[in-house]
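Written out below as structure tokens is the structure these notes cover.
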Amino acid sequence: NLQANRNFQVYYTIPQKEIVSSDTGKSRNRMEAKIKWKVFFDLQCPYSKACWKNIPAIRKEFADTHDIEIHLTSLVFHAQAFTAQCAANLIEGYVGAEARTAFQDECFPQQD
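Residue numbering for the sequence shown follows our numbering, starting at 1 and increasing by one per position.
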């Protein structure tokens, strides 16, 4: 339920007049360009945990109009968050983005 979970902040990046896609090489005008969401998660935060499970549904719902970027951060009062963030970044660097996502999927249940 997307409406019941509004416990995260979303920052919008409004594209300029003309955007050239690096994937396709095609240009889009401002109205056709996707809005970028930059969402920040702390792998030890219970609020991030609550929101993380909704990301697949949000991506599916807004796939045509929004690009959602996941960024990891570590809050100073979460002692394990920085180590988990470093591990996630290393996994992505050595194995790839899918492996990082799988690692993040496993981090949140470990909070229990």
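Glycine included, C-beta positions come from ideal geometry on N, C-alpha and C.
Rounded to whole angstroms, residue 80 and residue 110 show a C-alpha spacing of 11 Å. With contacts defined as CB atoms closer than 8 Å, residue 40 and residue 66 fail to qualify as a contacting pair. For residue 72, the secondary structure class from DSSP, reduced to helix, strand or coil, is strand.
Taking a C-beta distance under 8 Å as the contact criterion, residue 107 and residue 84 qualify as a contact pair. Look at residue 38 here: in three-state DSSP terms it is strand.
When C-alpha distances from residue 102 are compared across 94, 37 and 88, the shortest belongs to 88. Cβ neighbours of residue 46 within its own chain (closer than 8 Å, five residues either side excluded): 111.
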